[in-house]
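Participant: Pasting a structure here, questions to come.
There are 2 protein chains.
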Amino acid sequence: MGSPTRKPIQFTSRLTADAYAKGILDHDRVLLSRAITLVESRLPSDQLLSEELIQKILPHSGKSIRIGITGIPGVGKSTFIEAFGKHLTSIGKKLAVLAIDPSSQRTKGSILGDKTRMDELSRDDNAFIRPTSAANTLGGVAHKTREAILLCEAAGFDVIIVETVGVGQSEIAVRSMVDFFLLLLIGGAGDELQGIKKGIMEMADGVVITKADGDHKKQANQAKADYQHALHLFPVTESRWTPKVLVSSAVEKIGLKETWEMIEAYKAFTTTSGFFELQRANQNKNWFHSSIEERIKEEITKHKALAEKIKKAEIQIAQGVISPGAASREIVENFIQLLGKQ
Amino acid sequence: MGSPTRKPIQFTSRLTADAYAKGILDHDRVLLSRAITLVESRLPSDQLLSEELIQKILPHSGKSIRIGITGIPGVGKSTFIEAFGKHLTSIGKKLAVLAIDPSSQRTKGSILGDKTRMDELSRDDNAFIRPTSAANTLGGVAHKTREAILLCEAAGFDVIIVETVGVGQSEIAVRSMVDFFLLLLIGGAGDELQGIKKGIMEMADGVVITKADGDHKKQANQAKADYQHALHLFPVTESRWTPKVLVSSAVEKIGLKETWEMIEAYKAFTTTSGFFELQRANQNKNWFHSSIEERIKEEITKHKALAEKIKKAEIQIAQGVISPGAASREIVENFIQLLGKQ
């Protein structure tokens with residue numbers, strides 16, 4: 001909402017933390033929306049207010065299943081999420097869909113088109129769709145999305161989908177904030193066209209081959225068999241859950257029920273073993289530590305001279321003039337001196 | 001070498017940076033050893049001397065192929081490395097073998113047994129074997145290993161093997177400092193016995209099925225076919241190199257020549273595309289930034305009160321009493337205040 005050097009235009013006035021909290025706990029979607037806008041704001045005053053709000057609703061958070069969904073552009077992610085979402089609301093679930101799209105940094109605003117991508121679902125009373133607003137770093141976007149998850153849970157949503165468009169490191173960020181990570185693949189596209197980054201497949205708790213309709217059914221089932229075989233060769237996961245491969249068709253409404261049943265089975269399996277809670281606890285701990293790193297990085301980049309030195313050092317390192325170890329020592333010493341003078 | 005609170009016993013006196021550098025550039029293995037001990041030292045004075053030394057030899061570094069090798073205990077890593085190493089020296093290569101073993105942190109000293117694991121190779125004039133000495137964090141160990149690589153290269157070694165025992169996050173650390181990452185697997189052991197962590201398989205540029213001798217040959221070849229098929233389904237790598245699967249037997253001397261030829265083919269392929277240099281440049285840049293993070297973490301943990309606060313916050317986060325975002329803000333504000341008072 002405006003650059004930090006200019007007085008921003010505020011389209012809505014800020015309420016008190018109590019007012020936001022009350023609205024959220026009353027399941028008021030308008031207030032939920034405004035609260036998410038608040039947590040996304042980069043104004044220091046908004047950040048303090050946001051923190052107060054999160055603290056108030058924290059005891060009411062956590063009661064959902066958090067699902068991450070990724071796949072390359074063209075795999076039919078929106079189509080799948082819409083069909084899957086409609087299934088979920090039809091069986092009584094309250095679904096929130098959040099999107100991590102680092103490319104929105106360039107447009108410095110929400111992807112307004114998102115709602116039209118999932119037209120029918122966005123009109124469903126039991127579904128709430130929210131694109132992520134801009135932030136400067138992936139770390140910043142991830143932080144705000146985590147807080148949006150907490151707000152949605154406090155507002156009564158019991159299934160949270162976080163979708164990512166598969167840019168940069170966003171899958172790793174999504175994986176670190178969800179319980180179940182679902183990978184969508186195209187069947188029969190040929191391997192080179194998948195374009196998925198290394199490591200993503202091994203991160204998945206489930207794989208869905210999309211567009212298994214009409215002429216594509218055979219290819220989709222072949223792909224399912226191939227991936228099932230491949231996953232069988234993978235190492236045992238920490239959760240000890242065996243990732244499953246399903247086929248789906250949004251058009252023919254195939255695989256949607258099965259996808260939800262797979263996720264429920266995962267939840268039951270990992271709750272019994274204790275892994276479900278352990279994973280969440282580890283995720284929170286990692287969020288804490290990476291948040292510390294993020295804030296320190298922000299602190300460093302506030303000091304223009306230091307930020308310049310870092311860029312200079314990167315060039316010298318690339319030229320083989322200075323070793324990374326020596327360069328890092330100088331930067332950190334500088335940083336400490338700078339803070340000493342404040 | 002002794003804890004920082006006690007005056008350490010020094011078994012060897014320190015030379016000047018020039019003296020170490022001269023010895024290394026003269027390919028003096030004794031001085032190379034002492035130089036590696038120097039970079040591993042945690043004494044601040046040694047760290048400054050070490051930095052000076054690295055700066056001097058930096059222009060002479062880089063002229064090697066860096067190979068990371070991992071596999072679970074029992075796969076026959078030492079046996080493979082010894083046989084592979086003997087092949088390399090027999091074709092005129094000068095080989096240095098470094099080990100990342102975070103468990104050595106517990107013994108707070110080198111793994112003296114390492115040399116006897118690769119008995120024959122350790123007696124080879126053209127091979128140099130060095131276990132990693134203790135450090136407090138994996139980040140610390142990784143940093144020192146990177147510097148040891150530079151020293152070995154300046155000392156004339158043209159193949160550097162970094163081996164890891166597959167504990168914790170060590171594979172990721174090794175991957176970030178090598179050109180080629182080789183994964184050793186047992187053939188026909190059944191998937192659950194592999195015990196490899198998720199993501200490692202997708203990180204590999206090559207896979208070698210070990211112990212393909214006698215009765216195991218058939219299993220090994222079946223495993224090779226299985227993994228080749230699975231790798232075919234993986235996403236295209238950034239390097240665009242197709243990972244290869246080989247079988248090997250240290251006893252029957254199978255697959256050693258082929259492993260080297262695969263690595264040479266990788267080097268040729270990625271040099272032509274420019275990826276080889278690009279990967280090294282990115283690794284250096286990441287080393288720089290993670291080194292900054294490491295140093296700041298060290299700075300934080302120096303302040304006992306702050307380190308206590310962090311532990312306390314972790315407990316409160318686990319109990320759901322405070323959000324990670326709020327906790328991290330407090331910690332960073334405290335840190336900045338503390339530095340302001342120095």
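So the sequences go chain by chain: A and B.
Per the working numbering, residue 1 is the first one in the first sequence, and the count goes up by one each step.
Per the working numbering, residue 1 is the first one in the second sequence, and the count goes up by one each step.
The beta carbon of each residue, even a glycine, is placed where N, CA and C say it ideally should be.
(1) Within 7 Å of any Cβ in chain A, is that where the Cβ of B/S323 sits?
(2) At the 7 Å Cβ level, is A/N284 part of the contact set with chain B, yes or no?
(3) For B/R295, count neighbouring Cβ atoms within 10 angstroms of its own Cβ and tell me buried if that reaches 16, exposed if not.
(4) Any beta-carbon of chain B closer than 7 Å to the one on A/V332?
(5) Of all the residues that make up the region 299-319 of chain A, which are near chain B by a beta-carbon distance shorter than 9 Å?
(6) Using a beta-carbon distance below 7 Å, is B/R295 in contact with chain A?
(7) Label A/V30 either buried or exposed according to how many other C-beta atoms from any shown protein chain fall within 10 Å of its C-beta, with 16 as the threshold for buried.
(8) Applying a beta-carbon distance threshold of less than 8 Å, which residues of chain B neighbour A/Q55?
(9) So if I threshold CB-CB distances at 7 Å, which residues from the region 28-54 of chain A count as touching chain B?
(10) For A/K285, which of helix, strand or coil comes out of DSSP?
(11) Count the other CB atoms, across all protein chains shown, that sit within 10 Å of the CB of B/D226; report buried if there are 16 or more and exposed otherwise.
(12) Which residue comes first and which comes last in the beta strand (DSSP E) that contains A/L184?
(13) Tell me the start and end of each unbroken beta strand (DSSP E) in the region 198-223 of chain B that is at least 3 residues and wholly inside, in chain order.
(14) Under three-state DSSP, which class holds B/G85?
(15) Check whether the region 315-330 of chain B touches the region 58-72 of chain A, taking contact to mean three or more Cβ pairs, one atom from each stretch, closer than 8 Å.
(16) Using the Cβ count rule (16 or more neighbours within 10 Å means buried), how would you classify A/V332?
(17) Counting only beta-carbon atoms, is A/A21 nearer than 7 Å to chain B?
(18) Does the region 210-219 of chain A come close enough to the region 212-219 of chain B to have 3 or more Cβ pairs within less than 8 Å?
(19) Is the beta carbon of B/E202 sitting closer than 7 Å to the one on A/E51?
(20) Looking at chain A, which residues of the region 260-291 of chain B have a Cβ within less than 7 Å of any of its Cβ atoms?
(21) Rounded to whole angstroms, what is the Cα-Cα separation between A/K224 and A/R130?
(22) Sort out for me which residues DSSP pairs B/E163 with in a bridge.
(23) Could you give the residue range of the alpha helix (DSSP H) that holds B/A265?
(24) Contact criterion: CB-CB distance below 7 Å. Does A/L185 meet it with respect to chain B?
(25) Check for me: the alpha helix (DSSP H) holding A/P324 runs from which residue to which?
(26) Taking only three categories from DSSP, how would you classify A/F234?
(27) From the DSSP output, read off the bridge partner residues of A/A127.
(28) Taking a contact to mean a Cβ-Cβ separation below 7 Å, would you say A/A313 touches A/A327 in this structure?
(29) On a CA-only basis, which of A/K297, A/S291 and A/P324 is nearest B/P324? Give me that one, please.
(30) In angstroms with no decimal places, state the Cα-to-Cα distance between A/F288 and B/I254.
(31) From A/I100 to A/V174, what does the alpha carbon distance come to, in whole angstroms?
(32) Are A/L246 and A/V159 touching if we call contact CB-CB under 7 Å?
(33) DSSP three-state call for B/V30: helix, strand or coil?
(34) If you draw a straight line from the alpha carbon of A/Q47 to that of A/G340, how long is it in whole angstroms?
(35) Excluding sequence positions up to five away, which residues of its chain have a Cβ less than 6 Å from the Cβ of A/A148?
(36) Start and end of the beta strand (DSSP E) containing A/V350?
Facilitator: Taking the geometry as given:
(1) yes
(2) yes
(3) The residue is buried, with at least 16 neighbouring Cβ atoms inside 10 Å.
(4) yes
(5) E299, I300, I310, A313, E314, I317 and A318
(6) yes
(7) exposed
(8) Within 8 Å Cβ-Cβ: I322, S323 and A326.
(9) For the region 28-54 of chain A, the set of positions with a beta-carbon nearer than 7 Å to some beta-carbon of chain B reads E51 and I54 in chain order.
(10) helix
(11) buried
(12) F180 to I186
(13) Listed in chain order, they are 206-210.
(14) Note: B/G85 maps to helix in three-state DSSP.
(15) When C-beta atoms of the region 315-330 of chain B are compared with those of the region 58-72 of chain A, three or more pairs fall below 8 Å, so the two segments count as touching.
(16) buried
(17) no
(18) no
(19) In this structure, A/E51 does not lie closer than 7 Å to B/E202 by Cβ.
(20) A281, N284, K285, W287, F288 and S291
(21) Roughly 31 Å separates the two Cα atoms.
(22) B/I69 and B/A99
(23) It spans L256 to S273 - the alpha helix (DSSP H) in which B/A265 sits, taken as one unbroken run.
(24) no
(25) P324 to G340
(26) coil
(27) A/L95
(28) yes
(29) Considering only alpha carbons, the answer is A/S291.
(30) 49 Å
(31) So the alpha carbons of these two residues sit roughly 8 Å apart.
(32) no
(33) helix
(34) 25 Å
(35) I36 and L98
(36) Residue 350 of chain A falls outside the range modelled here, since chain A spans only 1 to 342, and no answer is possible.
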